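Remarks on the structure that follows.
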Amino acid sequence: MARKKSIGKYIIIISAIVLLNLIGVGYGYWTEGLQMKASVSTGTLDIDVYKTSIANNEIEGLVAYPEGDRIRVEGEIPDNFKGTEVILSYSVRNIGTVPVLVEDSTIDGRTIEPGGPAENFQVYISLSEDFEYKLPITQATQ
(Lines of atoms letter the chains of each structure in order from A; the text may use other names.)
(Lines give C-alpha, C1' and ligand atoms only; values in the text may rest on other atoms or scores of the structure.)
Protein backbone atom coordinates (compact mmCIF):
# COMPACT_ATOMS: atom_id res chain seq x y z
CA MET A 37 0.00 0.00 0.00
CA ALA A 38 2.85 2.39 0.86
CA ARG A 39 4.44 1.58 -2.50
CA LYS A 40 1.24 2.52 -4.32
CA LYS A 41 1.04 5.95 -2.56
CA SER A 42 4.66 6.81 -3.45
CA ILE A 43 4.06 5.94 -7.14
CA GLY A 44 1.07 8.30 -7.08
CA LYS A 45 3.25 11.11 -5.72
CA TYR A 46 5.78 10.55 -8.53
CA ILE A 47 3.05 10.63 -11.16
CA ILE A 48 1.69 13.91 -9.76
CA ILE A 49 5.18 15.50 -9.66
CA ILE A 50 6.06 14.36 -13.20
CA SER A 51 2.66 15.52 -14.48
CA ALA A 52 3.21 18.97 -12.90
CA ILE A 53 6.67 19.25 -14.50
CA VAL A 54 5.31 18.28 -17.93
CA LEU A 55 2.38 20.70 -17.56
CA LEU A 56 4.69 23.59 -16.59
CA ASN A 57 6.95 22.80 -19.56
CA LEU A 58 3.98 22.82 -21.92
CA ILE A 59 2.83 26.15 -20.50
CA GLY A 60 6.36 27.58 -21.00
CA VAL A 61 6.58 26.31 -24.59
CA GLY A 62 3.11 27.64 -25.36
CA TYR A 63 3.96 31.05 -23.90
CA GLY A 64 7.20 31.15 -25.88
CA TYR A 65 5.36 30.31 -29.10
CA TRP A 66 2.71 32.92 -28.35
CA THR A 67 5.20 35.71 -27.58
CA GLU A 68 7.36 34.96 -30.62
CA GLY A 69 4.99 37.01 -32.73
CA LEU A 70 5.02 39.98 -30.35
CA GLN A 71 7.43 42.77 -31.17
CA MET A 72 8.27 45.88 -29.27
CA LYS A 73 9.39 48.97 -31.08
CA ALA A 74 11.09 51.66 -29.05
CA SER A 75 13.17 54.68 -29.76
CA VAL A 76 16.16 55.67 -27.67
CA SER A 77 17.86 58.98 -28.08
CA THR A 78 21.10 59.98 -26.45
CA GLY A 79 22.77 63.31 -26.11
CA THR A 80 25.94 64.54 -27.72
CA LEU A 81 29.21 65.32 -26.00
CA ASP A 82 30.76 68.13 -27.99
CA ILE A 83 33.03 70.96 -26.94
CA ASP A 84 34.56 74.01 -28.54
CA VAL A 85 38.14 74.78 -27.46
CA TYR A 86 39.52 78.23 -28.21
CA LYS A 87 41.79 80.94 -26.84
CA THR A 88 44.71 78.59 -26.42
CA SER A 89 47.95 80.17 -25.26
CA ILE A 90 51.23 79.40 -23.55
CA ALA A 91 52.49 81.64 -20.77
CA ASN A 92 56.22 81.91 -21.39
CA ASN A 93 57.98 85.13 -22.35
CA GLU A 94 61.40 83.56 -22.87
CA ILE A 95 60.64 81.27 -25.84
CA GLU A 96 59.40 82.89 -29.02
CA GLY A 97 57.40 81.12 -31.70
CA LEU A 98 55.52 78.63 -29.55
CA VAL A 99 52.00 78.10 -30.86
CA ALA A 100 49.14 76.23 -29.19
CA TYR A 101 46.05 75.32 -31.18
CA PRO A 102 43.09 72.94 -30.67
CA GLU A 103 42.97 69.74 -32.68
CA GLY A 104 39.93 67.61 -31.81
CA ASP A 105 40.14 66.55 -28.16
CA ARG A 106 43.78 67.67 -27.93
CA ILE A 107 45.75 70.90 -27.86
CA ARG A 108 48.86 70.77 -29.99
CA VAL A 109 51.91 72.84 -29.03
CA GLU A 110 54.39 73.49 -31.81
CA GLY A 111 57.48 75.57 -32.22
CA GLU A 112 61.22 75.35 -31.93
CA ILE A 113 62.27 74.71 -28.37
CA PRO A 114 65.94 75.40 -27.57
CA ASP A 115 67.71 72.53 -25.83
CA ASN A 116 68.12 74.47 -22.60
CA PHE A 117 64.29 74.96 -22.40
CA LYS A 118 63.25 71.33 -23.05
CA GLY A 119 61.46 69.98 -20.01
CA THR A 120 60.66 73.49 -18.76
CA GLU A 121 57.20 73.78 -17.19
CA VAL A 122 54.92 76.40 -18.70
CA ILE A 123 51.25 77.23 -18.24
CA LEU A 124 48.92 76.17 -21.05
CA SER A 125 45.70 78.22 -20.93
CA TYR A 126 42.56 77.38 -22.87
CA SER A 127 38.84 78.10 -22.88
CA VAL A 128 36.12 75.48 -23.29
CA ARG A 129 32.51 75.96 -24.32
CA ASN A 130 29.99 73.09 -24.24
CA ILE A 131 28.17 72.95 -27.59
CA GLY A 132 26.73 69.46 -26.98
CA THR A 133 23.55 68.42 -25.19
CA VAL A 134 24.97 66.72 -22.08
CA PRO A 135 26.94 68.28 -19.21
CA VAL A 136 30.72 68.02 -19.57
CA LEU A 137 33.19 67.56 -16.72
CA VAL A 138 36.60 69.16 -17.30
CA GLU A 139 39.44 68.28 -14.92
CA ASP A 140 42.43 70.60 -14.69
CA SER A 141 45.55 70.79 -12.60
CA THR A 142 44.34 73.57 -10.31
CA ILE A 143 40.97 72.21 -9.09
CA ASP A 144 39.11 68.90 -8.85
CA GLY A 145 37.01 69.64 -11.92
CA ARG A 146 34.22 71.83 -13.19
CA THR A 147 30.99 70.89 -14.91
CA ILE A 148 30.02 72.92 -17.95
CA GLU A 149 26.32 72.80 -18.76
CA PRO A 150 25.10 72.66 -22.39
CA GLY A 151 24.88 76.15 -23.83
CA GLY A 152 26.42 77.58 -20.67
CA PRO A 153 29.16 80.17 -20.50
CA ALA A 154 32.70 79.27 -21.46
CA GLU A 155 35.15 78.28 -18.76
CA ASN A 156 38.85 79.10 -18.66
CA PHE A 157 41.40 76.46 -17.64
CA GLN A 158 45.12 76.34 -16.97
CA VAL A 159 47.43 73.37 -16.80
CA TYR A 160 51.17 73.04 -16.27
CA ILE A 161 52.94 71.19 -19.07
CA SER A 162 56.55 70.22 -19.62
CA LEU A 163 57.85 71.42 -22.99
CA SER A 164 58.97 68.96 -25.64
CA GLU A 165 58.96 68.92 -29.44
CA ASP A 166 55.50 68.72 -31.04
CA PHE A 167 53.71 68.25 -27.74
CA GLU A 168 50.03 67.24 -27.56
CA TYR A 169 47.88 67.77 -24.48
CA LYS A 170 44.80 65.53 -24.33
CA LEU A 171 41.89 67.42 -22.82
CA PRO A 172 40.64 65.79 -19.58
CA ILE A 173 36.98 65.81 -20.56
CA THR A 174 34.27 63.30 -19.64
CA GLN A 175 30.52 63.26 -19.41
CA ALA A 176 29.36 64.65 -16.09
CA THR A 177 27.26 62.28 -14.03
CA GLN A 178 24.08 63.51 -12.42
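For the sequence shown, position 44 (counting from the first letter as 1) is numbered 80 according to our numbering, and the numbering increases by one without interruption.
Note that beta-carbon positions come from the ideal geometry of N, C-alpha and C, so glycine has one too.
Keep in mind the model is a prediction, meaning the values are calculated, not measured.
Check the Cβ-Cβ distances between S89 and every residue of chain B, and say whether any is below 9 Å.
This model lacks chain B altogether; it includes just one protein chain.
Run the CB neighbour count on A74, radius 10 Å, all protein chains shown included, and call it buried at 16 or more, exposed below.
exposed
Leaving out five residues on either side along the sequence, give the residues of the same chain with a beta carbon under 8 Å from the beta carbon of I107.
Contacts found: V85, T88, A100, Y101, L124, Y126, E168, Y169 and L171.
Tell me the residue span of the beta strand (DSSP E) that contains N156.
E155 to S162
Rounded to whole angstroms, what's the CA-CA distance from R146 to N57? Just pull it up for me.
56 Å
Report the residue ranges of all beta strand (DSSP E) runs contained in full by the segment 52-122; include only those spanning at least 3 residues, in chain order.
List check, beta strand (DSSP E) in window: 83-91, 99-103 and 106-110.
If you follow the beta strand (DSSP E) that T147 is part of, which residue opens it and which one closes it?
R146 to I148
In angstroms, rounded to a whole number, what distance separates the CA positions of G119 and F157?
21 Å
DSSP has L124 in a bridge; who is on the other side?
I90 and V159
With DSSP run on the structure shown, which of helix, strand or coil describes I131?
coil
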